[in-house]
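Encoded as structure tokens, the structure appears first; notes follow it.
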Amino acid sequence: MRPALLAALLLAPAAALAHPVTLDNCGRPVTFDAPPERAVVHDINMAEIMFALELQPRTVGVTGITGWYKTTPEFDAARGDIPELAPRYPTMENLLAAEPDFFFAGWYYGMQPGGEVTPETLAGFGIPTWVLTESCVHLDRDRPDVSMETLYGDVRAIATIFGVEDRAAALIEGWEARIAAVADETEGAAPTRVFLYDSGEDQPFTAGRFAMPTALIAAAGGVNVMDDVDMSWGRVGWEAVGERDPEFIIVLDYGEDGGAGLIAFLEAHPVMRETTAVRNRRYLALKYAEITPGPANIGAVEKIARALRPGVN
Numbered sequence: 000m001r002p003a004l005l006a007a008l009l010l011a012p013a014a015a016l017a018h019p020v021t022l023d024n025c026g027r028p029v030t031f032d033a034p035p036e037r038a039v040v041h042d043i044n045m046a047e048i049m050f051a052l053e054l055q056p057r058t059v060g061v062t063g064i065t066g067w068y069k070t071t072p073e074f075d076a077a078r079g080d081i082p083e084l085a086p087r088y089p090t091m092e093n094l095l096a097a098e099p100d101f102f103f104a105g106w107y108y109g110m111q112p113g114g115e116v117t118p119e120t121l122a123g124f125g126i127p128t129w130v131l132t133e134s135c136v137h138l139d140r141d142r143p144d145v146s147m148e149t150l151y152g153d154v155r156a157i158a159t160i161f162g163v164e165d166r167a168a169a170l171i172e173g174w175e176a177r178i179a180a181v182a183d184e185t186e187g188a189a190p191t192r193v194f195l196y197d198s199g200e201d202q203p204f205t206a207g208r209f210a211m212p213t214a215l216i217a218a219a220g221g222v223n224v225m226d227d228v229d230m231s232w233g234r235v236g237w238e239a240v241g242e243r244d245p246e247f248i249i250v251l252d253y254g255e256d257g258g259a260g261l262i263a264f265l266e267a268h269p270v271m272r273e274t275t276a277v278r279n280r281r282y283l284a285l286k287y288a289e290i291t292p293g294p295a296n297i298g299a300v301e302k303i304a305r306a307l308r309p310g311v312n
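The structure is reproduced here in structure tokens:
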């Protein structure tokens, strides 16, 4: 080998030597010829994955944050001066104006089937997309059940795309240790029946078999009463919830009132007020980022476990 070429290889970043990489995403191969330098990411949970991997220097925009959520000081500090390109769903114009070379989003997390912004439409502009794994079920019903690996797999994939696998390995090792500690504390206990109430009055919007809360509840020593419903996120009937008689209810705190409005509705509802959870006033409010795939899931498991069994550390 010529000395000049050898020197160039020795000085090149390890990530550059690892590319191109091809990964399976929702059952389709996606190839990345080089680590992205101008990423755009949708939604607070996926932004937190990017930030946990310290990828802010290679992120040129976020979408879908302020239109729905009140952010925390920690999130704002991690985001820094990264601009928000659209407060809710991005348009193609929003994205192209940022000249991205990567988009991280999901079905109904920034993209809709048949919509303006999809992996196929972005590919026409040379922009590859990573689709959030939890959301793949919206187009492919033949998916594995949700688990903590649903989160870990996306974190590993993003790290591989950007050539920072060591960061993902360190994060996941720590997360697995925390989840294992919860499992040790709850081992042998009968699982608590849990219902997640996101929103809706005529019909509740909740998490089914393929949605991340099902995995979080299981990891915390509970069972989602809707884990037999063959869906990710969607609507069910109040009667179906009442028949399953949840012993505990997680409500979503979107930053308005800490979930108090949802709890008041449940306590006045003719079906829900008869459930064990409502009669015993057993509730936990969690934020959106805690129940959608992202780093906050780990703390959410710990919170749920403590709420289900107050003696759990």
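Everything in the sequence shown is counted per numbering that gives the first Met the number 0, starting at 0 for the first residue and increasing by one. We put the beta carbon where it would ideally sit given N, CA and C, even for glycine. Only a predicted model underlies this, so the values are computations on that prediction, with no experimental measurement involved.
Original post:
Under the rule that 16 or more other beta-carbon atoms within 10 Å means buried, what is Trp67, buried or exposed?
Top reply: The sequence position of residue 67 within the sequence shown is 68, counting from 1. Trp67 is exposed by the Cβ-count criterion.
Subject >> alpha helix (DSSP H) segment containing Val154, residue limits >> reply: As a first step, residue 154 must be located in the sequence shown, where it is residue number 155. Here the alpha helix (DSSP H) through Val154 covers Met147 to Phe161.
Subject >> Cβ contact (3+ pairs, closer than 8 Å) linking the region 233–253 and the region 279–292 >> reply: yes
Original post:
Which residue spans inside the region 246–277 form an unbroken beta strand (DSSP E) run of at least 3?
Top reply: 247–252
Subject >> Straight-line gap, Pro12 to Glu53 (C-alpha atoms, nearest Å) >> reply: Counting from 1 along the sequence shown, the entry for residue 12 is found at position 13. Counting from 1 along the sequence shown, the entry for residue 53 is found at position 54. Low confidence applies to Pro12: its pLDDT is 47, below 50, so where it sits in the model is not reliable, and the reading given next is rough at best. So the two alpha carbons sit approximately 16 Å from each other.
**OP:** Consult DSSP for Thr58 and reduce its assignment to one of helix, strand or coil.
**Re:** Residue mapping note: residue 58 aligns to position 59 of the sequence shown, counting from 1. Strand at Thr58.
Original post:
So who's on the other strand from Leu283, going by DSSP bridges?
Top reply: Looking up residue 283 in the sequence shown gives position 284. For Leu283, which the question treats as bridged, DSSP gives the partners Ile249.
Original post:
Between Glu119 and Thr90, is the Cβ-Cβ spacing less than 8 Å?
Top reply: Along the sequence shown, one-based indexing puts residue 119 at 120. Along the sequence shown, one-based indexing puts residue 90 at 91. The answer is no: Cβ separation not under 8 Å.
**OP:** Please report how far the alpha carbon of Arg78 lies from the alpha carbon of Phe50, in whole angstroms.
**Re:** Walking along the sequence shown from the start, residue 78 turns up at place 79. Walking along the sequence shown from the start, residue 50 turns up at place 51. In a straight line, the C-alpha of Arg78 is about 7 Å away from that of Phe50.
Subject >> Sufficient close CB pairs (3 or more, under 8 Å) joining the region 209–224 to the region 172–189 >> reply: yes
Original post:
Using the rule of at least 16 other Cβ atoms within 10 Å of the residue's Cβ for burial, across every protein chain shown, is Thr213 buried or exposed?
Top reply: Position 214 of the sequence shown, counted from the first residue, corresponds to residue 213. When all chains shown are included, Thr213 counts as buried.
Original post:
Thinking just about the alpha-carbon of each residue, which of His18, Glu289 and Ser231 is nearest to the one in Gly254?
Top reply: For the purposes of this step, residue 254 is taken as the residue at position 255 of the sequence shown. Of the listed residues, the one whose Cα sits closest to Gly254 is Glu289.
Subject >> Nearest to Pro82 (by Cα), restricted to the options Arg142, Gly123 and Ala38 >> reply: Within the sequence shown, the letter at position 83 stands for residue 82. Comparing Cα-Cα distances from Pro82 to each of Arg142, Gly123 and Ala38, the minimum goes to Ala38.
**OP:** Measure the Cβ-Cβ separation of Arg177 and Glu301 and say whether it is below 8 Å.
**Re:** Reading the sequence shown from its first residue, position 178 is the one you call residue 177. Reading the sequence shown from its first residue, position 302 is the one you call residue 301. In contact: Arg177 and Glu301 (Cβ atoms closer than 8 Å).
**OP:** Spatial neighbours of Glu266 within its chain, please: CB distance less than 7 Å, with the 5 preceding and 5 following residues excluded, ordered by chain position.
**Re:** As a first step, residue 266 is located in the sequence shown; it is residue number 267 there, counting from the start. For Glu266, where only same-chain residues beyond five positions count, the Cβ hits under 7 Å are Arg272 and Val277.
**OP:** Provide the residue(s) that pair with Pro28 in DSSP beta bridges, ordered along the chain.
**Re:** Here residue 28 corresponds to residue number 29 of the sequence shown, with the count starting at 1. Answer is Asp23.
**OP:** Pick out the complete beta strand (DSSP E) segments inside the region 70–123, 3 residues or longer, and give them in chain order.
**Re:** 83–85 and 101–106
Subject >> Alpha-carbon spacing of Val163 relative to Arg243, whole angstroms >> reply: Taking the first residue of the sequence shown as 1, we reach residue 163 at position 164. Taking the first residue of the sequence shown as 1, we reach residue 243 at position 244. Computed Cα separation, rounded: 44 Å.
Original post:
From Trp232, Leu215, Met211 and Val240, pick the residue whose C-alpha is nearest to that of Phe338; which is it?
Top reply: Nothing can be reported for residue 338: it is not among the residues displayed for the chain, which extend from 0 to 312.
Original post:
If Ala46 sits next to Glu133, beta carbons under 8 Å apart, how far is it from one beta carbon to the other, in whole angstroms?
Top reply: Taking the first residue of the sequence shown as 1, we reach residue 46 at position 47. Taking the first residue of the sequence shown as 1, we reach residue 133 at position 134. Not quite, the Cβ-Cβ distance comes to about 16 Å (not below 8 Å), so this is no contact.
Subject >> Where Ala158 falls, given that 16 or more other Cβ within 10 Å makes a residue buried >> reply: Here residue 158 is taken as the residue at index 159 of the sequence shown, counted from 1. Buried: at least 16 other Cβ atoms inside 10 Å.
Original post:
With respect to the beta strand (DSSP E) encompassing Phe192, which residues constitute its N-terminal and C-terminal limits?
Top reply: Position 193 of the sequence shown, counted from the start, is the residue given in the question as residue 192. Residue identity check: residue 192 is Arg in the sequence provided, not Phe. Note, Arg192: beta strand (DSSP E), Thr191 to Tyr196.
Original post:
Buried or exposed: which applies to Ala189, given that a residue is buried once 16 or more other Cβ atoms fall within 10 Å of its Cβ?
Top reply: In the sequence shown, the residue the question calls residue 189 occupies position 190. So Ala189 ends up on the exposed side.
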